[in-house]
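Okay, so here's the structure we're looking at.
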Amino acid sequence: MSLLELFIEVDDFYQEFESWVARQQLPGKAKRGPKPSLSVSEVMTLAIHFHQAGYRDFKHYYQNHVCKYLAAEFPSLVSYGRFVELTRASAPKIAIFRKLNSLIERFFDVDKFNPFPLRIETKVSVSSDLFGEAKASGH
242 MSLLELFIEV DDFYQEFESW VARQQLPGKA KRGPKPSLSV SEVMTLAIHF HQAGYRDFKH
302 YYQNHVCKYL AAEFPSLVSY GRFVELTRAS APKIAIFRKL NSLIERFFDV DKFNPFPLRI
362 ETKVSVSSDL FGEAKASGH
């Protein structure tokens with residue numbers, strides 16, 4: 242799954258999740274303070290992409306991969322310390338997203354987040370027997 246595909250899936254989930262949360266809450270005061278420059282969807286995407294990218298520690302991933310190679314895709318990047326704060330606030334949403342996707346994978350036999358899917362190729366030949374019925378045989 243490409244980074245763009247991951248972002249689209251995460252953003253779609255987040256928009257639907259926030260809509261559901263808003264319907265469940267009682268009317269109240271809006272959150273105070275400035276809005277973060279990175280969206281929650283962007284933070285979630287980078288946190289999930291870290292696990293797919295194969296880096297051992299997040300700081301190295303963020304400073305040496307995201308800031309260097311993904312700055313064009315995420316033009317409003319924040320410092321590493323600020324990103325960690327934003328990730329902590331997004332952790333429950335990331336956990337829900339991952340859990341829902343693992344359930345989808347289990348019930349619908351789909352492997353969405355495996356960056357290295359195992360491909361099994363089988364050759365099937367079809368032959369006719371005496372009665373003209375086709376039967377498949379795997380080699």
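In my numbering, the protein residues as written are 242 to 380.
Ideal placement from N, C-alpha and C gives every residue a C-beta, glycine not left out.
All values derive from a computational prediction rather than experimental measurement.
Report the option in Leu245, Glu259 and Gly269 whose CA atom is closest to the CA atom of Ile337. Glu259
What alpha helix (DSSP H) runs, 4 residues minimum, are completely inside the segment 257-328? 281-294 and 299-302
According to the neighbour-count rule (16 or more other Cβ atoms, all chains shown, within 10 Å of its Cβ), is Lys340 buried or exposed? exposed
Return the residue from the list Arg297, Ala330 and Asp298 that minimises the CA-CA distance to Ser280. Ala330
By Cβ distance, which residues of its chain are closer than 6 Å to Phe291, with the 5 residues on each side in sequence left out? Phe299 and Tyr302
Where does Val251 land, buried or exposed, given buried means 16+ other C-beta within 10 angstroms? buried
Using the Cβ count rule (16 or more neighbours within 10 Å means buried), how would you classify Tyr255? buried
Decide if Lys309 is buried, meaning its Cβ has at least 16 other Cβ atoms within 10 Å, or exposed. exposed
Where does Ser343 sit, in a helix, a strand or coil, going by DSSP? helix
Judging by CA-CA distance, which residue of Gln293, Met285, Ala294 and Val262 is the nearest neighbour of Phe248? Met285
Neighbour-count burial assignment, Leu327, 16 or more Cβ in a 10 Å radius: buried
Taking 8 Å as the limit between beta carbons, can you name the residues of its chain near Leu359, skipping five residues before and five after? Only weak support is given to the placement of Leu359: the predicted model assigns it a pLDDT of 43, under 50, and the value that follows is read from those uncertain coordinates. Hits under 8 Å: none found.
Out of Ser282, Leu318 and Phe315, point me to the one whose CA is closest to Glu257's CA. Ser282
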